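Count the sequence shown with this note's numbering and you get residues 7 to 688, in order. Worksheet: one structure, shown below.
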Amino acid sequence: MKERFGWPAALFGLKCFLAATLALYISFSIGLERPYWAFVTSFIVAQPMAGAVISKAVYRVMGTLVGAVVAVAIVPPLVNAPELLTLAMAGWLAFCVFVSQLDGTPRSYMFVLAGYSACLIAFPSFETPQTIFDLASSRVQEITIGILSGSLVHAAILPGSVASMVLNRVAAILRDAERWTRDAIAIEPVEGLAAERRRLAQDVTELHQLSTHLPYDLSRRVPRVRTVRALQDQLSLLLPLGAAVDDRLQMLKAARGGDVPPEVGALIADVQHWVENPEKDLEQRSASADALIERCAALEPPARPGMEWADMMRLSLFSRLASLIAAHRDCRDLYDQMTSYSRTPVNARVGELLEGRRFREVHRDYEGARQGAFNAFVTLVVGCALWIGSGWKDGASATMLAGIFLAIYSSQDNPKAPLKGWMIGTILASLLGALYGYAIMPRLDGFVMLMAAFAPALILLGSAMASPSLAGYVMPTLLGLGSPALLAASYQNEFPTFVNGNLAQLTGIWFAAVMAGLLQPAGLQYAIRRIIRAGWRDIANRANVAGRPDVRGWINRMLDRIALLAPQLAALGADKGQLYDALRDLRTGIGIGELRALRLELPPGDSASLTRVLQGVGDYYRALDPDAPAPAQPALLHDMDRAITELSANPDPGVRRSAILALIALRRNLFADGAIYRKAAA
């Protein structure tokens with residue numbers, strides 16, 4: 007509670023109040039028609055971190071400008087054809103919702119804003135289309151003033167640093183990852199690994215979201231986004247590698263009756279100690295990592311024809327353990343690069359990592375985006391039909407708000423939950439607005455007294471915005487407190503307008519909730535199945551592509567899906583075994599990539615067995631049903647064993663080793679409980 011309502015929250019609330027005061031003062035001074043929009047926008051762009059405020063401000067300005075241009079372009083030509091105008095506005099909103107859901111970063115706010123800004127400008131001008139340009143110009147000015155006021159105050163007064171937050175989060179994520187690896191490779195199983203896996207996947211996704219604000223941070227020392235992306239790539243490797251080492255270690259124990267050879271136990275203990283206590287000095291850390299990797303290589307049995315199953319397990323164990331050590335070393339080296347704030351790589355390995363990708367691949371939910379766009383389109387069309395048919399003047403506001411609400415919450419699996427918060431917040435705003443507008447404000451004289459009267463409520467509500475659990479109730483309350491009827495010059499004569507406006511907002515929220523229930527009844531269960539199916543389709547497609555695999559891109563997409571699945575399964579109370587299957591699918595995709603890379607190096611006549619395995623894996627995942635997933639068929643196991651037998655006899659030692667490692671990994675992922683490999687099985 008102290009962190010939620012302590013000094014940081016109070017400072018944030020005070021800055022929100024100062025930004026709103028500045029926005030209203032400028033708006034009143036230059037005689038803008040609706041100071042309300044400047045007031046509201048100053049709160050909408052508010053963020054504790056200055057970089058996030060500025061990035062959100064940039065996105066909001068761009069979205070508002072695009073929305074204004076579209077409204078001006080659409081309304082005049084179609085004003086005499088309300089059906090076409092309705093379809094055009096609904097189509098534009100649906101398009102913006104679709105694009106915003108595919109973006110997957112804070113930048114997506116810009117796209118959805120372009121959609122509903124056009125509605126905010128177009129709907130009030132349906133009856134007076136000749137004023138559309140003036141209305142659009144005024145709205146852009148009002149919103150821009152709110153953006154600039156909020157950005158100036160939050161960036162100038164004790165600004166929070168995105169860079170500091172990113173560095174703190176990276177340090178915490180590294181500690182969590184090192185603790186998870188220590189537990190994952192422990193000889194004796196450790197409870198709670200599933201929760202730590204979920205947290206690591208979510209941490210990597212959260213780091214990606216935070217890093218999008220780094221280019222806008224005002225600190226003098228800001229880590230490069232490219233370094234953060236490279237670190238994310240290395241963190242993403244830890245989950246599949248740690249899980250693979252855990253699996254091979256347990257197999258080795260089972261084959262030996264529950265213990266491990268002394269040299270293996272000593273190596274595991276030394277790796278655990280190094281992972282949990284890495285040296286601060288970069289050269290010492292690299293030397294220690296190299297020594298451990300050499301010990302792994304010394305314990306690897308050679309890949310030879312007729313290799314036994316136990317030796318294959320040992321080869322896979324020590325190979326994956328060496329890769330896990332290297333990934334942890336790279337994570338620590340990249341953290342040193344981040345804290346050096348230099349463009350010069352701290353060592354040659356970091357230079358290689360920084361030459362890689364700049365962008366992180368994320369899960370693209372095309373099916374969910376289409377559903378969200380369809381929901382917004384239908385809601386706006388049905389709302390317009392009811393509004394025009396009823397003849398209610400304020401029905402335009404209700405319809406507009408219903409479409410906007412579904413656009414804003416289109417990415418959520420249960421939009422009714424935040425809409426409930428808006429309903430409660432709007433009722434509170436109506437009561438608080440009535441108290442201010444018709445009991446307090448008539449006794450005030452001048453702008454200074456107005457803001458002094460608003461100060462307690464605005465500072466308190468602004469402080470509450472710092473709490474994610476309260477923000478859903480606070481924002482609608484703030485929007486109602488700054489009602490256009492209250493901030494108009496003749497507010498004392500606009501009580502009917504005030505009442506109608508609040509009724510229209512409540513009606514719009516209720517209508518949006520009704521349409522969300524009708525158009526998206528499946529909710530979380532449908533979203534979970536959709537994400538799982540997307541991963542399976544991705545695996546099936548990867549198995550049948552002939553080009554060189556993008557392993558890092560695959561890992562990033564799957565970790566993004568796992569991070570999305572975790573809170574959904576928790577909210578649904580579903581069996582966490584589904585999440586473990588997602589991690590298994592992640593490792594399966596990596597194995598497919600290794601087989602594809604190997605197939606490119608082999609002559610066409612030597613790769614037929616690999617092609618059969620890849621086709622079988624693709625067919626299996628393509629036919630899976632999320633509601634009743636079936637195990638892989640024995641025919642696929644036979645194809646894998648035949649490929650192991652053929653490729654383990656290849657004259658090239660490198661081909662033998664790569665084939666055994668990839669095929670054993672794939673075999674363990676799909677047939678964890680299957681019979682051990684025997685040459686005769688082929």
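Where a beta carbon is used, it is the ideal one built from N, C-alpha and C, also for glycine. Note that the structure is a prediction, hence the values are computed from the model and not measured.
| Item | Value |
| --- | --- |
| Within 8 Å, strictly: CB atoms of L412 and M521 | yes |
| A248, DSSP secondary structure in three states | The question names Ala, yet the displayed sequence has Gly at residue 248. It is helical. |
| Cβ-Cβ distance between S167 and V51 below 8 Å | no |
| Proximity of P229 and Y115 at Cβ, strictly below 8 Å | no |
| Beta-bridge pairing of G166 - partner residues as DSSP gives them | M55 |
| Local Cβ density within 10 Å of Y372, reported as buried at 16 or more and exposed below that | exposed |
| Within 8 Å, strictly: CB atoms of G598 and M318 | The amino acid at residue 598 is misidentified as Gly; the sequence shows Ile. Not a contact, by the Cβ cut-off of 8 Å. |
| Segment limits, alpha helix (DSSP H) that includes T385 | Y372 to S396 |
| Unbroken stretches of the alpha helix (DSSP H), 4 residues or longer, contained in the region 507-547 | none |
| Nonlocal neighbours in the same chain, by C-beta distance under 8 Å from A668, ignoring five residues either side | G597, E600, L601 and L604 |
| Residues near K21 in its chain [Cβ-Cβ closer than 6 Å; skip 5 each side] | V159, H160 and I163 |
| Residue range of the alpha helix (DSSP H) that includes N420 | Careful: N420 lies outside any alpha helix (DSSP H) and carries neither H nor E. |
| For T651, the first and last residue of its enclosing alpha helix (DSSP H) | P640 to L653 |
| Cα-Cα separation, P632 to I534 | 9 Å |
| N675, DSSP secondary structure in three states | helix |
| Meets three-Cβ-pair contact criterion under 8 Å: the region 628-643 and the region 563-570 | no |
| Continuous alpha helix (DSSP H) assignments of at least 4 residues falling wholly in the region 194-262 | 199-217 and 231-261 |
| Proximal residues to Y627 (C-beta, below 6 Å), its chain only, five neighbours per side dropped | W542, I545 and A546 |
| Option in E607, L30, V557 and D296 with minimal Cα separation from R593 | V557 |
| Boundaries of the alpha helix (DSSP H) in which L624 is found, first to last residue | It should be pointed out that residue 624 corresponds to Gly in this sequence rather than to Leu. Its alpha helix (DSSP H) spans residues A614 to R628. |
| Pairwise C-alpha distance: R370 and R673 | 28 Å |
| CB of P41 within 8 Å of CB of S48, strictly | no |
| P14 versus V281, P448, M55 and L84, residue with shortest Cα-Cα distance | M55 |
| Where I446 falls, given that 16 or more other Cβ within 10 Å makes a residue buried | exposed |
| Runs of alpha helix (DSSP H) wholly within the region 30-117 (minimum 4 residues, chain order) | 41-50, 56-84 and 88-109 |
| Whole-angstrom distance between A295 and I331, CA atom to CA atom | 6 Å |
| Residues near S496 in its chain [Cβ-Cβ closer than 6 Å; skip 5 each side] | Per-residue confidence for S496 stands at a pLDDT of 46, beneath the threshold of 50, marking its modelled position as unreliable; no derived number is given. |
| Candidates L484, N550 and L456: closest to L466 by CA position | L484 |
| Status (buried if at least 16 other CB within 10 Å, exposed otherwise) for S123 | buried |
| Among G514, S436, S473 and A382, nearest to C102 - alpha-carbon criterion | A382 |
| Residue of G624, I515, W398 and D336 minimising C-alpha distance to P421 | I515 |
| Burial state of A207, where buried means 16 or more other Cβ atoms lie within 10 Å | buried |
| Reference V689; option with closest CA among V76, G19 and G374 | No answer is possible for residue 689: the residues shown for the chain start at 7 and end at 688. |
| C-beta atoms of V75 and F132 nearer than 8 Å | no |
| Integer-rounded CB distance, given that S325 should sit under 8 Å from Q107 | Not quite, the Cβ-Cβ distance comes to about 40 Å (not below 8 Å), so this is no contact. |
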